[in-house]
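>
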Amino acid sequence: MFSMISEFPDEVDTPIDVPARKRFAKYRGLKSFRTSSWDPKESLPPEYGRIFAFDNFAKTQKHVLSKLQDRNQESMNEYASVGLYVRIHIKHVPLDVASKLCLLSKKSVVACGLLQHESKMSVLHFSIKKHESYDAPIKSKDTFIFNVGFRQFVARPLFSSDDINSNKHKMERFLHPGRFSIASVYAPICFPPLPLVVLKSNPEGVPAIAAFGSLKTVDPDRIILKKIILTGYPQRVSKLKASVRFMFHHPDDVRWFKVEVWTKCGRRGRVKEPVGTHGAMKCVFNGILQQHDTVCMSLYKRAYPKWPEQRFPL
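Read left to right, the sequence shown gives residues 197 to 510 (the numbering used here).
#1: In angstroms with no decimal places, state the Cα-to-Cα distance between A383 and E314.
#2: Classify T473: buried if its beta carbon has 16 or more other beta carbons within 10 angstroms, exposed otherwise.
#3: Which one or two residues does DSSP pair with S434 in a beta bridge?
#4: Helix, strand or coil for K325, going by three-state DSSP, please let me know.
#5: Check S199 in the structure and name its three-state DSSP category.
#6: Is it the case that the Cβ atoms of I420 and L485 are separated by a distance below 8 Å?
#7: Report the three-state DSSP secondary structure of L208 (helix, strand or coil).
#8: Along the chain, where does the alpha helix (DSSP H) containing R219 start, and where does it finish?
#9: Considering Cα atoms alone, identify which of I385, F481 and A404 is closest to V344.
#10: Can you tell which of K296, S377, D449 and P241 has its C-alpha closest to the C-alpha of V214?
#11: Return the residue from the list S228, K227, L226 and D209 that minimises the CA-CA distance to R569.
#12: Please report the residue range of the alpha helix (DSSP H) in which C479 lies.
#13: Taking A221 as the reference, give the member of R466, R369, W452 and D331 with the closest Cα.
#14: Relative to the C-alpha of P211, which residue among N268, P290, F229 and G475 is closest?
#15: Between the Cα of A351 and the Cα atoms of T490, I424, M317 and K454, which residue gives the shortest distance?
#16: To the nearest angstrom, report how far apart S241 and R217 are at their CA atoms.
#17: Which residues share a DSSP beta bridge with H365?
#18: Measuring only the C-alpha atoms, how far is D206 from S494?
#19: Could you check whether V414 and G320 sit closer than 8 Å to each other, using their CB atoms as the reference points?
#20: Whose C-alpha, out of V289, L297, P373 and K296, is nearest the C-alpha of Y330?
#21: Rounding to the nearest angstrom, what Cα-Cα distance links K396 and V480 in this structure?
#22: With DSSP collapsed to three states, give me the class of L311.
#23: Kindly indicate which three-state DSSP category N398 falls into: helix, strand or coil?
#24: Please classify T231: is it buried, with 16 or more other beta-carbons within 10 angstroms of its beta-carbon, or exposed?
#25: Tell me the residue span of the alpha helix (DSSP H) that contains N343.
#26: Straight-line CA distance for S199 to S439?
#27: Can you find a CB in chain B that lies within less than 8 Å of the CB of E314?
#28: If C461 and D417 are in contact, beta carbons under 8 Å, what's the gap, nearest whole angstrom?
#29: Of the residues I341, A407 and G279, which one's Cα is nearest the Cα of P333?
#30: Give the C-beta separation of K335 and R375 to the nearest angstrom, bearing in mind that I take them to be a contact with Cβ-Cβ under 8 Å.
#31: Is it right to say A307 is buried, meaning 16 or more other beta carbons lie within 10 angstroms of its own, or is it exposed?
#32: Is R463 helix, strand or coil when you go by DSSP?
#33: Exposed or buried, what is I378 when buried is set at 16 or more other beta-carbons lying within 10 Å of its beta-carbon?
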């Protein structure tokens with residue numbers, strides 16, 4: 197199953213019992229993945245009402261760190277000396293978290309002060325690479341434990357490519373070994389650079405190190421697109437024209453998805469009109485189509501990471 201997904205990662209079958217215009221209603225065609233526009237504020241999920249966005253993250257980071265440095269110089273004599281015992285009172289700790297912390301009396305508990313904005317949630321993007329010792333597939337939106345600086349939290353990352361020449365990035369269904377990808381998660385705001393260690397829980401023992409990396413940026417507007425490919429096959433070919441079937445099963449679906457098509461042998465074309473009542477369609481290409489060729493249609497929708505059911509791995 198995993199080898200099939202790796203070989204044909206984006207190809208999907210059009211359902212027979214559900215119209216494609218309903219099954220793929222959130223998808224659209226793009227004339228150019230690199231240059232076509234996509235509004236980052238369009239049709240945002242409910243989770244975006246719970247997160248914080250910066251007008252200019254780099255400028256905010258510079259201001260926060262500069263403010264911290266000034267405050268440290270002004271209050272050098274107000275800190276507790278090394279070796280002293282102090283009592284810390286923490287407000288608004290959830291009852292279930294507090295009860296579990298009491299059970300960890302034999303283990304160390306780290307207490308750290310937060311910088312400005314670090315108590316807020318946002319979308320964090322990490323440069324990440326699969327660890328060589330971890331053999332199991334790492335799938336997007338699976339649950340992992342992220343160790344970022346002094347923080348540890350549960351996250352369900354969405355993996356994507358890092359396209360420096362485009363403001364859109366292709367979603368990756370798995371974290372591929374041997375190269376870096378971007379992992380996007382809902383998490384408390386942090387300021388880079390911060391190291392990352394990703395752990396996978398093991399019910400039978402110690403969690404395994406699944407991946408490592410570092411924090412890259414905080415940006416809810418980073419566009420990650422999930423790509424699917426619908427496929428069809430030439431039924432009749434006449435010079436530059438061809439009748440294609442099995443991509444759709446209803447003529448209304450053909451009219452709905454009048455976007456550019458391409459073939460695995462390198463032809464480009466467009467959909468003209470439906471043929472008959474079973475979803476066949478007439479297409480025009482920029483060259484003569486081979487009878488054994490496969491006609492493909494690329495569709496995209498924006499993808500988001502999953503909000504974790506629990507924030508702390510207790």
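Where a beta carbon is used, it is the ideal one built from N, C-alpha and C, also for glycine.
Keep in mind that this is a model prediction, so the values were computed, not measured.
So, to answer that:
#1: 10 Å
#2: exposed
#3: K437
#4: strand
#5: Any reading at S199 must be qualified, since the residue scores a pLDDT of 49, below 50, and its modelled position is unreliable; no value is offered.
#6: no
#7: The residue you asked about is not Leu; residue 208 is Val in the sequence shown. Reduced to three states, the DSSP call for V208 is coil.
#8: Residue range A216 to R219 is occupied by the alpha helix (DSSP H) that includes R219.
#9: I385
#10: D449
#11: The question about residue 569 has no answer, for the chain in this structure spans 197 to 510.
#12: Taken as a continuous stretch (DSSP letters only), C479 belongs to no alpha helix (DSSP H), being part of the beta strand (DSSP E) at A476 to F481.
#13: W452
#14: G475
#15: Minimum Cα-Cα distance from A351 among the listed residues T490, I424, M317 and K454 corresponds to M317.
#16: What sits at residue 241 in the sequence shown is Pro, not Ser. Cα to Cα, the separation comes out at about 21 Å.
#17: DSSP lists I420 as the beta-bridge partner residues of H365.
#18: 9 Å
#19: The sequence shown places Leu at residue 320, not Gly. Yes, they are a contact pair.
#20: P373
#21: Going by C-alpha positions, K396 is about 50 Å away from V480.
#22: coil
#23: coil
#24: exposed
#25: Looking at the DSSP string, N343 is not in any alpha helix (DSSP H); the run it does join, the beta strand (DSSP E), is F340 to V344.
#26: Reliability fails at S199, whose pLDDT of 49 lies under 50, so the model's placement of it is uncertain and the value that follows must be treated cautiously. Using only the alpha carbons, I get a separation of about 32 Å.
#27: No chain B appears in the structure shown, which is made up of a single protein chain.
#28: The C-beta distance from C461 to D417 rounds to 38 Å, too long to fall under 8 Å, and the pair is not in contact.
#29: Among I341, A407 and G279, the Cα nearest to that of P333 belongs to A407.
#30: Wrong, their Cβ atoms sit about 17 Å apart, outside the cutoff.
#31: exposed
#32: coil
#33: buried
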